[in-house]
Structure formats: C-alpha cells, structure tokens
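Participant: The following block contains the structure, expressed as structure tokens.
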Amino acid sequence: MSSTSVPLHISISEKLRQQIEAGDYLPGEKLPSEHQLMEAFNVSRITVRQAVANLVSQGLAQAQQGRGVFVTPRQKVAYALSSPLVFLERDLARKGIQFTFENLTFRKIRPSNAVQTSLQLPDKSTVYLQKKLLHMDGVVGAVDVSYLVLELGQQFGAQLKRQMTFPTLEAHGIVIAQVDAVIECTHADYEISGYLEVPLGQPLIVYRYTAYTHDQSPILHGETISRADRFCYSLSFEK
Numbered sequence: 025m026s027s028t029s030v031p032l033h034i035s036i037s038e039k040l041r042q043q044i045e046a047g048d049y050l051p052g053e054k055l056p057s058e059h060q061l062m063e064a065f066n067v068s069r070i071t072v073r074q075a076v077a078n079l080v081s082q083g084l085a086q087a088q089q090g091r092g093v094f095v096t097p098r099q100k101v102a103y104a105l106s107s108p109l110v111f112l113e114r115d116l117a118r119k120g121i122q123f124t125f126e127n128l129t130f131r132k133i134r135p136s137n138a139v140q141t142s143l144q145l146p147d148k149s150t151v152y153l154q155k156k157l158l159h160m161d162g163v164v165g166a167v168d169v170s171y172l173v174l175e176l177g178q179q180f181g182a183q184l185k186r187q188m189t190f191p192t193l194e195a196h197g198i199v200i201a202q203v204d205a206v207i208e209c210t211h212a213d214y215e216i217s218g219y220l221e222v223p224l225g226q227p228l229i230v231y232r233y234t235a236y237t238h239d240q241s242p243i244l245h246g247e248t249i250s251r252a253d254r255f256c257y258s259l260s261f262e263k
C-alpha cells in the first residue's frame, strides 16, 4: 500500500503497534514522549497525538495524566479446547478472568446455503442470527456470530440476549453432546474491524463450530472471530 493511501497517523500507529507486538516495548513500559515521536517520525504534534490516540482506542496503550503513555499490561487470554467440552465462560472463570458480552443483534433471517447445510435445514427455512461482542477482563477480544434453529430461538430469545447460549440451553435440558470445530485465519472486514478495533484487513483467528444434541441433530452453527493479540486457543494431548 502506498504511503499516500494511508493517513500518516495511521502509518505511525501501525509501526508502534508492530513494535509493541514484537516486544520492543513491554507491557507497562512507557512509550516515547510526544517530542521524541515527533523527531523520530518527522511529523507534527497533532499527527503524533492522533497516532497515540489510535493505540489507546485499540487497547494497546494507556494515557496517564502527567506521566505519559504506557503499553497496556495484558496477558493473552487462552480458551482450553478439551474433551469433555468446557464452555468458554466456565473455562475463563476458573482462570480468574472476568467474562462478559454485549448483545449486538438477535433476529430472524433466511440463512445462507452454507448455514442451511450445516444445520441440515430444508429450503426456505429461517433461523435466529445472534452477534455478540465478547469482553475478557473488560477488554474486547472477539465477536461471536451464531445461527440458532428457529424453535430454540423463539423459546429462549429473551434469555439469550443476556446469557451465553450453551449454558442457557443446558439449563433447560438441551444437552450439547458434540461440537465439531475448525480453526482458521481470516481478515477483518469493515464491520468486524469496527467491533474489534483493528485495521481493515488485519489477520484474525476464526473458530467455526457446529453443535449437536445427543441424537446428532445440529442446533447451532457459528464462528468466533478473535484478535490474535488478545485471545487464543490451547490444546493438551495425552498419549
């Protein structure tokens, strides 16, 4: 991408972000002062302030009045994929991580062919689409986009706007017996980049899943799209 197509403050904040992620600036470490950044990049004070504001809005840095700007202390959150299945919020809770979510949308839609196939639905079916913004210790880490079969969406919609899906279903006797999943890489589109506070096109982790009941009926299909600098998955194998 040419230098003329990217605003200067974005280019500077991206360079600083890369330095933070590379460990050039450690968590809790003070970033160079405004004057030092002005000299390093040969730019105005306004441009430097915009670049630093970008880092703050992404959660990578914190401004402390009278002291300067510091790299945000943060340990990457890891969700342990295990058998038997442990739900995300339960896994994080036992690690002492506060988990919350914001319901972005919950509505009926006509699913895509891919979703329809995953849920084994006939043509012209409708499902419930839900989008949730996931927070770990108060910081945005992922967006979850899920498609729930119509009957369950109608029955538990009010609760699902406030509670996570799997525990809500199991509390009503709908046991998740199996989850088929795949982890891939994707890139932030316009909508996701806004939710996760990342540049358009940034590489992200996507966890695609389909959940089944005991009779092998698929009831939920979705994907969790996460920032690789804030959220990851861990596995443990036994011989």
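Here my numbering = 1-based position in the sequence shown + 24. The beta carbon of each residue, even a glycine, is placed where N, CA and C say it ideally should be.
1) Could you spell out the range, first to last residue, of the alpha helix (DSSP H) harbouring S258?
2) In terms of DSSP beta bridges, what is Y236 paired with?
3) In the structure shown, what three-state DSSP assignment does F111 receive?
4) My output table needs one value for I121: the three-state DSSP class, helix, strand or coil.
5) When you compare each of R118, I216, I243 to Q202 by their alpha carbons, which one comes out closest?
6) With a threshold of 7 Å on Cβ separation, who are the neighbours of V30 within its own chain once the five nearest residues in sequence on each side are excluded?
7) Near A64, what residues of its chain come up, given a Cβ to Cβ distance below 8 Å and the 5 sequence neighbours on each side ignored?
8) Would L32 and L79 be called neighbours here (beta carbons separated by less than 9 Å)?
9) Sorted by chain position, which residues of the same chain lie with C-beta nearer than 8 Å to K100's C-beta, five sequence neighbours on each side aside?
10) How about L184 and F123: do their beta carbons lie closer than 9 Å?
Facilitator: In short:
1) Not the alpha helix (DSSP H): S258 falls in the beta strand (DSSP E), residues 255-259.
2) DSSP output for Y236 lists Q202, P242 as bridge partner(s).
3) Note: F111 maps to coil in three-state DSSP.
4) I121: coil per DSSP, three-state reduction.
5) When each option's Cα is compared against that of Q202, the closest is I243.
6) Excluding positions up to five away in sequence, the list is empty.
7) Excluding residues within five positions, the ones whose Cβ falls inside 8 Å are P56.
8) Not a contact, by the Cβ cut-off of 9 Å.
9) Closer than 8 Å at Cβ, skipping near neighbours: D253, R254, F255, C256.
10) Not closer than 9 Å, so no.
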